[in-house]
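In this note's numbering, the protein residues as written are 178 to 776.
1. For a test of the three-state rule: what should DSSP assign to residue 425, helix, strand or coil?
2. Where residue 676 and residue 401 are concerned, what is the direct C-alpha to C-alpha distance, given to the nearest angstrom?
3. Determine the closest residue to residue 483 out of 250, 560, 701 and 190, with distance taken between C-alpha atoms.
4. Only counting the same chain, and skipping five residues up and downstream in sequence, which positions put a Cβ closer than 7 Å to that of residue 281?
5. Could you give the DSSP three-state label for residue 345: helix, strand or coil?
6. In the structure shown, what three-state DSSP assignment does residue 434 receive?
7. Mark residue 433 as exposed unless 16 or more other C-beta atoms lie within 10 angstroms of its C-beta, in which case mark it buried.
8. How many angstroms separate the CA atom of residue 190 from the CA atom of residue 298?
9. Looking at the unbroken alpha helix (DSSP H) that takes in residue 713, where does it start and where does it end?
10. What do you get for residue 635, buried or exposed, if any count of 16 or more other CB atoms within 10 angstroms of its CB means buried?
11. Using the beta-carbon count (16 or more within 10 Å), is residue 571 buried or exposed?
12. Please look up how many angstroms separate the CB atoms of residue 216 and residue 678, rounded, as I've assumed it's under 8 Å.
13. Given 8 Å as the limit, is there contact between the stretch 283 to 295 and the stretch 330 to 349, that is, 3 or more CB pairs closer than that?
14. Determine the closest residue to residue 627 out of 208, 192, 453 and 202, with distance taken between C-alpha atoms.
15. Can you say whether residue 589 is buried or exposed, counting buried as having 16 or more other CB atoms within 10 angstroms of its CB?
16. Just tell me which of 414, 730, 192 and 399 has its CA closest to the CA of residue 347.
17. Going by DSSP, what residue range makes up the beta strand (DSSP E) through residue 261?
18. Enumerate in chain order the residues of its own chain whose CB-to-CB distance from residue 525 is below 6 Å, with the five nearest sequence positions on each side excluded.
19. Under the DSSP definition of a beta bridge, which residues are partnered with residue 728?
20. When DSSP builds the beta bridges, which residues end up paired with residue 721?
21. Quick one: residues in its chain with C-beta nearer than 6 Å to the C-beta of residue 320, no 5 flanking neighbours on either side, listed in chain order?
22. For residue 729 and residue 751, what's the separation of their Cα atoms in angstroms?
23. Roughly how many angstroms lie between the CA atoms of residue 681 and residue 672, to the nearest whole one?
24. State the Cα-Cα distance for the pair residue 480 and residue 448, rounded to the nearest angstrom.
25. On a Cα-Cα basis, can you pick out the residue from 695, 706, 327 and 731 that is closest to residue 717?
26. In this structure, what does DSSP give as the bridge partners for residue 679?
27. By Cβ distance below 7 Å, which residues in the same chain neighbour residue 618 in space, the five residues on each side in sequence not counted?
28. To the nearest angstrom, how far is the alpha carbon of residue 245 from that of residue 223?
29. To the nearest angstrom, report how far apart residue 452 and residue 444 are at their CA atoms.
30. Who are the Cβ neighbours of residue 776 in its own chain at under 7 Å, not counting the five residues just before and after it?
31. Check whether the stretch 691 to 707 touches the stretch 759 to 766, taking contact to mean three or more Cβ pairs, one atom from each stretch, closer than 8 Å.
32. With DSSP as the reference, please indicate the residues paired to residue 749 in a beta bridge.
33. If we count the other Cβ atoms within 10 Å of its Cβ and call it buried at 16 or more, is residue 410 buried or exposed?
34. Select from 670, 490 and 567 the residue whose C-alpha is nearest the C-alpha of residue 652.
35. Considering only residues of the stretch 302 to 331, which uninterrupted alpha helix (DSSP H) runs meet the minimum length of 4 residues and lie entirely inside it, listed in chain order?
36. Between which two residues does the alpha helix (DSSP H) containing residue 699 stretch?
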């Protein structure tokens, strides 16, 4: 009875906080039911991307061997370290790989739900009462956004740590203390969750130095202590990484960013002709300079690509679920959408600037950090990774947080002004707002439960993951024990392999040396800029006798499997049942397993 009394008192004292906690708990419960009640193929083939298995397989191997390795032989480097460490701890207590896969999806749901609850606590620093529920409702009861954060990637952990770090810095801004280095440790963990988090981490340190509690000297000491704590955490990982991998912060960018510097140089030369060409090209690595003469082989940043990302992909990602409830209004014309987003951004920035001079300064400052981080993250990805901009949706953590917060922040503004000017009108608006938020929360939560309800497994439209799953089962039954298989899309094949070993060939789950040597040489070869393909030599050197991957039907017919085998140099052992198309103009592809003559 005492427990029930305490619970009743807590609900009565803070009904909005209780509602935020209940909402987060219900969404997490929906994810847990989905993760542990669905067909394993639904999770493996429809929920996780192939790259997700690079995390899962490497974490599983580390939990058993103490080494971060995807294939059990080469050190795997292409990951964000903190999420890998968390997964390794989860793998250590998982009885098998099926349970581990399910638990990783549930863990992403946990961090996503906790982020929603933390957004409520963050919103309380610029608003009060039930209006603080707007942000967590827009985030948590949002199926289109939730789906991106339960794919086994690091983005759910990154989002949670970013909001948590903002709350810690707000606390440091309102009360001085000698423990700022603890906040620095948190910032260091934030950076280890994703390297791009250096942007918000540095901005939060600047906020601490500018608006922290205490005198100028106290603020400087707090900022210094936090900075030292952050650098200590990062340095600890960098030392380990240098010893284990031969690089201080090895990530998949080694492979994904090949050609990015050359593309950026060409872009700058086209748009800033007054800058000396020698200055621009001086920053292009030697291995990429041959690409400067062939700009047609590069993917350059473009205005259309940027608008498609900012006004197309991101709003659809964040507000897609809510758009379903208002589909009767029809689609918004693209230019109107761009103007609306610009007006929202300007309005939100104006309110932040106003609140920086008020008692809500701390909340406004960290909101500014999140929005600047979103802008910086988008700019960097647009400049350096335009090829991945429209499909690497798990990169857009600051952007998704910013889009949720900007609407919550602006909706709160007129409600706050009305309550101050005319209390009676304010009461009506608050009641109507509370009713609207309640309806949206209920509708969004219902959609989450409906969409995540375990049901009959259905193959995804392109079928790539299902075909890989079937090929893995075939290889387990038909390849000789110890067979060594090369694959560019090695994630799922490697995770479910028992009788064979998959060696990654796209540089995302291999060594840094492989990415800088064999992969770069291979990319130059397929572009016609190198006479020899070093990847073929790598296959022979590593005794890789089989290939498994999706390949075009034309190349399969010629016997040039994956472009790594000469006609007649291999034998096709397995071909998937269904055709795979990756785009409207994409050629027909099939999943294959081939044996090379050397095997």
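For every residue, glycine included, the Cβ atom is placed at its ideal position computed from N, Cα and C.
From the atom records:
1. coil
2. In this structure, the alpha-carbon of residue 676 lies about 53 Å from that of residue 401.
3. Nearest to residue 483 by C-alpha distance, out of 250, 560, 701 and 190, is 560.
4. 233, 264, 267 and 329
5. helix
6. coil
7. buried
8. 15 Å
9. 711 to 718
10. exposed
11. Buried, since its Cβ has 16 or more Cβ neighbours within 10 Å.
12. Their Cβ separation, rounded to whole angstroms, is 27 Å, which puts residue 216 and residue 678 out of contact at 8 Å.
13. yes
14. Cα-wise, what sits closest to residue 627 is 208.
15. buried
16. 399
17. Unbroken run through residue 261 is the alpha helix (DSSP H), 258 to 269; no beta strand (DSSP E).
18. Excluding positions up to five away in sequence, the list reads 583, 586 and 587.
19. 767
20. DSSP, once it has assigned bridges, lists no residue as partnering residue 721.
21. Excluding sequence neighbours, residue 320 sits near 498, 624, 625 and 628.
22. 14 Å
23. 12 Å
24. Rounded to the nearest angstrom, the two C-alpha atoms are 12 Å apart.
25. Closest in alpha carbon position to residue 717, among 695, 706, 327 and 731, is 695.
26. 662
27. Excluding residues within five positions, the ones whose Cβ falls inside 7 Å are 200, 314 and 318.
28. 26 Å
29. 12 Å
30. For residue 776, the pLDDT reaches just 44, beneath the cut-off of 50, and the residue's location in the model is therefore unreliable, leaving the point undetermined.
31. no
32. 771
33. buried
34. That would be 670, whose Cα lies nearest to the Cα of residue 652.
35. 311 to 317 and 320 to 323
36. Start and end: 697 to 703.
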